[in-house]
Amino acid sequence: MRVDVVTIFPDYLAPLGLSLIGRAREAGLLDLRVHDLRDWTHDRHRTVDDTPYGGGAGMVMRPEPWGEALDALTPAPGGGAGPRLVVPTPAGRRFDQAMAHELAAEPWLLFACGRYEGIDARVVEEAAGSGRVSRVDEVSLGDYVLNGGEVAVLAVVEAVARLLPGVVGNAESLVEESHAASRHGLLEHPVYTKPAAWRGREVPPVLLSGDHGAVARWRRDEALRRTAARRPDLVARLDPAALDRRDLAV
Ligand code: ADE
């Protein structure tokens, strides 16, 4: 998969050289390229922002450098398939595991990191109609405000890249974890390792019993309990067909 990121802070993306993602890049599974938006400015101060029309606090990113950056990084219309453009913004569609899977199926993603009060709205409009990108998504990590898109890109790229074949060593760990499709939208059960007693706290005895059926039932019960306590919104969305009689007793 190819991933391009345009930002005024290329150093912010340095963690994508570490750990599993760094290794995926070295192995050629992920072709990640970070670009400085200021390379597409032409004034002495390399200006990327200006005051908002209509007044108000803060600054807005000017459309010209963004237009030039997107033109430089995407094929001309008819010149082959362009990337899917992803613009992180608190005003976007909420990012979740389903979207991570959707993005992981794309051959090419291009992230545009806004700063300040955001990017002039014409940039996304123009890109969507340009024929240079396959589609445009404005994506939010959640209902809170970051200083810019860079931290959102770190999260989205990590969530997406680990779904690419060969990036995570043990594919089973992908299936088991929170929000994976096979868990039917339940949070993951709590986990324990050795020692069996620590600071007076014991590991639940069923996990030491060797009874695989009982362990599976206990994990399912804990997942249901946790989800009901922490994420009632997920419980409300559960498919009734995915529940069995024992679940209803929890
Ligand atoms: N940029 C600023 N806040 C953000 C958020 N919550 N999600 C995505 N991008 C953002």
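Everything in the sequence shown is counted per the numbering used here, starting at 1423 for the first residue and increasing by one.
Note that CB positions come from ideal geometry on N, CA and C, so glycine has one too.
With contact defined as three or more Cβ pairs closer than 8 Å, the region 1555–1563 and the region 1457–1473 are not in contact. Taking a contact as a CB-CB distance under 8 Å, the pair L1438 and V1589 does not count as one, their CB atoms being some 12 Å apart. Under DSSP, S1556 forms no beta bridge with any residue. In the same chain as R1659, and ignoring 5 residues on each side of it, the C-beta atoms closer than 7 Å to its own belong to G1607, in chain order. Straight-line measurement puts the Cα of A1583 at about 8 Å from the Cα of A1446.
For P1510, the uninterrupted beta strand (DSSP E) segment begins and ends at 1506–1516. The beta carbon of P1627 lies closer than 8 Å to none in the same chain, with the five residues before and after it left out. About 6 Å separates the beta carbon of V1575 from that of C1535, a gap short enough to meet the 8 Å contact definition. Judged by DSSP in its simplified three-state form, A1503 adopts coil rather than helix or strand.
Within the region 1592–1671, the runs of alpha helix (DSSP H) at least 4 residues long that lie entirely inside it are, in chain order, 1593–1598, 1634–1652, 1654–1658, 1667–1670.
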